[in-house]
Amino acid sequence: MFREAAYIIQNAYSSFPEGTIHIIGIDSEINQENKHMAIKLDGHYFVCANNGIMSMICAEIAPSRL
């Protein structure tokens, strides 16, 4: 599920205007072990669980800010 979602997001986010906030809800229930993060990538903002999904999306792209 992560691989497919990362592929879709990686290929689609640039179609949105800069400044867009993308919320990724994969394995995103909030609890003590499942922290969340926000990241700025190429002028886009992403909010997601810290579960490795952004590492898949950013594998070839250096994020400007974590």
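Counting in the working numbering, the sequence shown runs from 1060 upward without gaps. Ideal Cβ placement from N, Cα and C applies to all residues, glycine included.
Only exposed fits PHE1075, as fewer than 16 other CB atoms lie within 10 angstroms of its CB.
The continuous alpha helix (DSSP H) containing ALA1071 extends over residues 1061-1071.
By the 16-neighbour rule on beta-carbons within 10 angstroms, ILE1112 is buried. If you check the CB distance, ASN1090 and ALA1108 do not come in under 7 Å.
Under the three-state reduction of DSSP output, ILE1082 falls in the strand class. When the alpha-carbon of ALA1118 is set against those of GLN1069, GLU1063 and ASP1086, the nearest one is in GLN1069.
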